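J.:
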Amino acid sequence: MAERKQFKLPDVGEGLTEADIVKWHVHPGDTVEVHQTIVEIETAKAVVELPCPYDGVVAELLVGEGETVDVGVPIISFDVGAPGDEGDGGEAGGGAGGDVPVASEPGMHGSPAPKVVAAAAAGAATTPEPRGTVGPEEPIETAGPAGPAAEQPARQPVLVGYGVKPGATKRRPRKRPSGQPARPAHEPRRAEAATATMATPPTPAAPAAPAAPGRVAVLAKPPVRKLARDLGVDLSELTGSGPQGSITRDDVQAAAAAVTGGATAGAAGEAADAARPAVRPVAPRFTGGEERIPIKSVRKHMAAAMVRSAFTAPHVTEWLQVDVTETMAAVKRLRSLPDFADVKVSPLLLVARALLTAVRRHPLINSTWDDEAQEIVVKRYVNLGIAAATDRGLIVPNVKDAHELSLPELADALQRLTETARAGRAGPADLTGGTITITNVGVFGVDAGTPILTPGEVAILAFGQVRDMPWVHEGEIRVRKVTTLALSFDHRVVDGELGSAVLRDVGAMLEDPLRMLAWT
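Written out as structure tokens, the structure reads:
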């Protein structure tokens, strides 16, 4: 006989209290198995895929896409132990040739997943160890000797932070379309098992259940939704070509192109136009009205962090204009070397190397102010943060132990970091543990700014655009490559002398890159 079980939104290892439901990968009636990805959630730091904790059948999706849910609130229910999911060596779960490990007792399909304790999905970070690296993996516990459950009750594992006290959290009230049924009340807490990040290909899904009356379900990722808003495309009128019918960027762009491609002539053209999705062309000018954008997830977290930083640490910013003609020549030379054939070499690479060298010369610039302990914590390692603007908001992923990398390794790490951030794949481990940050405002065509410190750090370097400017060089006015550097620092830790020394050293190394070799 099938047993109804609920899966509650877990804390994915960062102490977060809520998340947004981005996309469901399953529907009521689908057959699921342990480790199968069932949902994408967006926390304040990253988009995370959650694995299925049971073998069974999806009974009900308790939360819709786009809703914000507190940790510990049920989001989906399963019928486990249903007919067809039992027996030795069955198709579901771990019975498929032993590819998925199961508990020691045979025939446990429909039961919670094996005892694996790990951060949920996509590399969620545990509390950073010293040196800013991700802590060691949690041990995999093996089940005890086989025996009746009544005689040998085993502690069932959970996702990190999973299973809060009943009543500690509750779903945020949201407007519900008329005709949509209310969700069931929360069930008492259960020690439900869950799995680690490994995901096996999902089993063939049953036909999706129809959407609730009054609501049109649209499968599209946040960047695609933003693109649709920018182009004036109504997603509910499109047929997706992606997995499980999800709408892709190509679908949105094709719909927009259909409107702007020009009018057709004759009855055949009118019929074709009638068959196209309804699309609103982008207005060429302001036409009045307002647009309200919900503040959630990454942008909400970023806003809170910036306010906390701005009103906690006393910021001071210093500027320095630098002749980087030799640095630009060095970048061009590096691009021609075999060691850099497969990586992108940009001026940011040498700016990063110069800052790492300056940190070695002035360790206090790579510190944290511990207000509770009344201590300044000097980090003898550098997790170099690179500020990145994404569709989801500003994030600052960091290169772990950047001080130990050779120049080709640093170039490769910076390239992978920026590609991961722009693709929206930066996980919690990438976004925690930073010690000092660079923000490359030059890519936006500006000279400088007053960057706000990343919380927990005492310095951030802004790198402006490189421009041709008249410059006094060797006693004559010449056109040189010039940039502006801006260093913001926490005046509780960094006084004017130290801040000026760091900024001056970085500028000197960019003016003459050979100094990086001399000072390393």
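First residue of the sequence shown? That's 415 in my numbering, and the numbers climb one at a time after it.
Ideal placement from N, C-alpha and C gives every residue a C-beta, glycine not left out.
Owing to the predicted nature of the structure, the values given are computational and were not obtained by experimental measurement.
Keeping to the same chain, check which residues put their C-beta closer than 7 angstroms to that of G870; ignore five residues upstream and five downstream.
T.: So the list reads T782, once near-sequence residues are dropped.
J.: By how many angstroms is the C-alpha of L831 removed from the C-alpha of Q450?
T.: Each residue's alpha carbon lies about 27 angstroms from the other.
J.: Under 8 angstroms: do the region 819 to 830 and the region 729 to 742 share three or more Cβ pairs, one atom per stretch?
T.: Touching, no.
J.: In whole angstroms, give me the CA-to-CA distance for L751 and V759.
T.: So the alpha carbons of these two residues sit roughly 10 angstroms apart.
J.: Can you round the beta-carbon distance between E479 and I435 to whole angstroms, since I take them to be within the 8 angstroms contact cut?
T.: Their Cβ separation, rounded to whole angstroms, is 5 angstroms, which keeps E479 and I435 in contact under 8 angstroms.
J.: For P822, report the span of its alpha helix (DSSP H) as first-last.
T.: It spans 821 to 836 - the alpha helix (DSSP H) in which P822 sits, taken as one unbroken run.
J.: Among P708, G863, E417, G807, which one has its Cα closest to the Cα of T482?
T.: The residue with the shortest Cα to Cα distance from T482 is P708.
J.: Is F903 buried or exposed, if buried means 16 or more other CB atoms sit within 10 Å of its CB?
T.: Buried.
J.: Helix or strand or just coil, what does DSSP make of A417?
T.: The amino acid at residue 417 is misidentified as Ala; the sequence shows Glu. In the structure shown, E417 sits in a strand (DSSP, three-state: E or B).
J.: Does DSSP classify T741 as helix, strand or coil?
T.: T741 falls in the helix class under three-state DSSP.
J.: Buried or exposed for A724, going by 16 or more other Cβ atoms inside 10 Å?
T.: Counting Cβ neighbours within 10 Å, A724 comes out exposed, since fewer than 16 surround it.
J.: Give me the Cβ distance between V477 and F492, rounded to the nearest whole Å; I'm assuming they're in contact under 8 angstroms.
T.: Rounded, the Cβ-Cβ distance is 14 angstroms, inconsistent with contact.
J.: Could you check if V886 is buried or exposed, using at least 16 other CB atoms within 10 Å of its CB as the buried criterion?
T.: Exposed: under 16 other Cβ atoms inside 10 Å.
J.: Give a yes or no on whether the C-beta atoms belonging to P766 and A802 are separated by under 8 angstroms.
T.: Per the sequence presented here, residue 766 reads as Ala, with Pro not at that position. Result no, Cβ atoms of A766 and A802 do not sit closer than 8 angstroms.
J.: When the Cα of N812 is compared with those of I852, I790, P822, H905, which residue comes out closest?
T.: Among I852, I790, P822, H905, the Cα nearest to that of N812 is on I852.
J.: How would you call V461, buried or exposed, if buried means at least 16 neighbouring beta carbons within 10 angstroms?
T.: V461 should be labelled buried.
J.: Taking V916 and L901 to be in contact with their CB atoms under 8 angstroms, please state how far apart those CB atoms are, rounded to whole angstroms.
T.: Their Cβ separation, rounded to whole angstroms, is 6 angstroms, which keeps V916 and L901 in contact under 8 angstroms.
J.: Under 6 angstroms Cβ to Cβ from A873, same chain only, skipping five residues before and after it: list those, please.
T.: Closer than 6 angstroms at the Cβ level, and outside the excluded window around A873, lie I779, I850, F903.
J.: Beta-carbon within less than 6 angstroms of W933's beta-carbon, same chain only, minus the 5 sequence neighbours each way: which residues are those?
T.: So the list reads T771, once near-sequence residues are dropped.
J.: If I'm right that L734 touches L899 with Cβ under 8 angstroms, what's the distance once you round it to whole angstroms?
T.: With a Cβ gap of about 5 angstroms, L734 and L899 count as contacting.
J.: State the Cα-Cα distance for the pair M883 and G913, rounded to the nearest angstrom.
T.: Taking the straight line from one Cα to the other gives about 26 angstroms.
J.: What's the call for P465, buried or exposed, on a 16-neighbour Cβ count within 10 Å?
T.: Buried, since its Cβ has 16 or more Cβ neighbours within 10 Å.
J.: If I measure Cβ to Cβ from M748 and keep anything under 6 angstroms in the same chain, skipping five residues before and after, which residues do I get?
T.: The residue you asked about is not Met; residue 748 is Leu in the sequence shown. Closer than 6 angstroms at the Cβ level, and outside the excluded window around L748, lie F754, V759.
J.: Check whether the Cβ atoms of A768 and L924 sit closer than 8 angstroms, and answer yes or no.
T.: Yes. Within cutoff.
J.: According to DSSP, which residues form a beta bridge with S491?
T.: The partner list for S491 (beta bridge, DSSP) reads Q420, E474.
J.: Would DSSP call E801 helix, strand or coil?
T.: In the sequence under discussion, the amino acid at residue 801 is Ala, which differs from the Glu named in the question. DSSP places A801 in coil when its eight states are reduced to three.
J.: DSSP has Q667 in a bridge; who is on the other side?
T.: Looking at the DSSP assignment, Q667 forms no beta bridge with any residue, so it has no partner.
J.: Just verifying my parser: in three-state terms, what is the DSSP assignment at T771?
T.: If DSSP states are grouped into helix, strand and coil, T771 belongs with the helices.
J.: Can you determine whether any heavy atom of the ligand SAM sits closer than 7 angstroms to the C-beta of D919, and answer yes or no?
T.: As presented, the structure is devoid of all ligands, the ligand SAM included, so that no description of it is given.
J.: Note down, in chain order, each residue of its chain lying with its Cβ closer than 7 angstroms to the Cβ of E807, except the 5 sequence neighbours on either side.
T.: In the sequence under discussion, the amino acid at residue 807 is Gly, which differs from the Glu named in the question. Only V712, R713, M716 meet the Cβ criterion.
J.: Between which two residues does the alpha helix (DSSP H) holding R929 run?
T.: R929 -> alpha helix (DSSP H) spans 928 to 933.
J.: What is the DSSP secondary structure of S914, reduced to helix, strand or coil?
T.: Helix.
J.: Comparing C-alpha positions only, which one of T731, L762, E732 sits nearest to K746?
T.: The shortest Cα separation from K746 among T731, L762, E732 belongs to L762.
J.: Can you list, in chain order, the residues of its chain whose CB lies under 7 angstroms from that of E432, leaving out five sequence neighbours each side?
T.: Correct list, in chain order: T482, V483, D484, V485.
J.: Does the beta-carbon of I891 have 16 or more other beta-carbons within 10 angstroms, so that it is buried, or is it exposed?
T.: That one is exposed.
J.: Can you tell me whether E911 is buried or exposed, with buried defined as 16 or more other CB within 10 angstroms of its CB?
T.: Exposed is the call here.
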